[in-house]
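Numbering (our numbering), first residue to last: 222 to 470.
First comes the structure, then the notes that go with it.
Rendered as C-alpha cells:
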C-alpha cells in the first residue's frame, strides 16, 4: 500500500504512548501487564486503517486487542478511528486496545509462546506472483509462527477477496494438518453478516457483489476439544431427530 507522506505523522503517533506502541519487543511475554489484566488477547495482523480492530474492541470490552501494521500513516489513521469508536462510550483512550507499529516478519520477537488467543488475517496482500508466495501471511512459514504464539484456546480467523489466496491458504492449512471450520466461499451471499465486523475493504467489495472468502482455523488443544464436542453433539442431535424406523438396529 502506497501512502502519501505528510509532516508530523511520527510526532503525532509518538505523542500517544497510551494507545500506540512503537517498540513492541519489551512487551514480549508482558502484554497483560500493559493492559493491566489477564483477559484474552486477540491480534489483527495488517490492520490497515483500523476500522475492524476498533469496532471489535468496542463490541468486546472483555477482550484485549492488538492491531499491527508497519506504516506510520496507517497507525495514525487507526488511532483516530479508535478514539472515535470509543468516544460514544465516554472513553478518550480505548482501554482494551493497543496499536503496534511493527513488521509481522518478526512476530516471534514481540509475542511469547502461548501469549495470544486469536489471530485475525483480514484482506492480506495476496502477493499473486508465484515467486512471492512466501510473503503471503498464510504461507507455512508464517503459520508456524502463529502456532507458536497461540495458546490452548488458539484460533486463526481469515478473510479475503482473493480466490487465489484462499485456495493457497486452504492448502497451507491442510498441509500442516490444521482443523478448519465455518468455511465460506461467499460470506455475504444471503445478505451482509451483521454479526461480523467488516473491514473497509470488505464493505466496499460486498457492496459491489464480490464474493468474500472466510474460514476459521482451530489450533489450541482446548479449542479443538470444544470443536469436537460440538460436532459430536450436532451428530447426536441429527441421529435423535431421525424417525425410529430409519435408525440402525
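Note that the Cβ used here is the ideal one computed from N, Cα and C, for glycine as well.
- Residue state for residue 249 is assigned as coil, using DSSP reduced to three classes.
- Under the three-state reduction of DSSP output, residue 392 falls in the helix class.
- Checking the DSSP bridge columns, you'll see residue 319 partnered with 287.
- DSSP places residue 452 in the helix class (H, G or I) of the three-state scheme.
- Considering only 274, 311, 285 and 314, the residue with the shortest C-alpha distance to residue 295 is 274.
- Residue 263 sits in a strand when the DSSP states are folded into three classes.
- In this structure the segment 378 to 398 touches the segment 359 to 368; the number of beta carbon pairs closer than 8 Å is three or more.
- Of the residues assessed, residue 269 falls on the buried side of the cut-off, its CB having 16 or more other CB atoms within 10 angstroms.
- With respect to the 7 Å criterion, residue 260 and residue 284 are classified as neighbours on the basis of their beta carbons.
- For residue 301, the secondary structure class from DSSP, reduced to helix, strand or coil, is helix.
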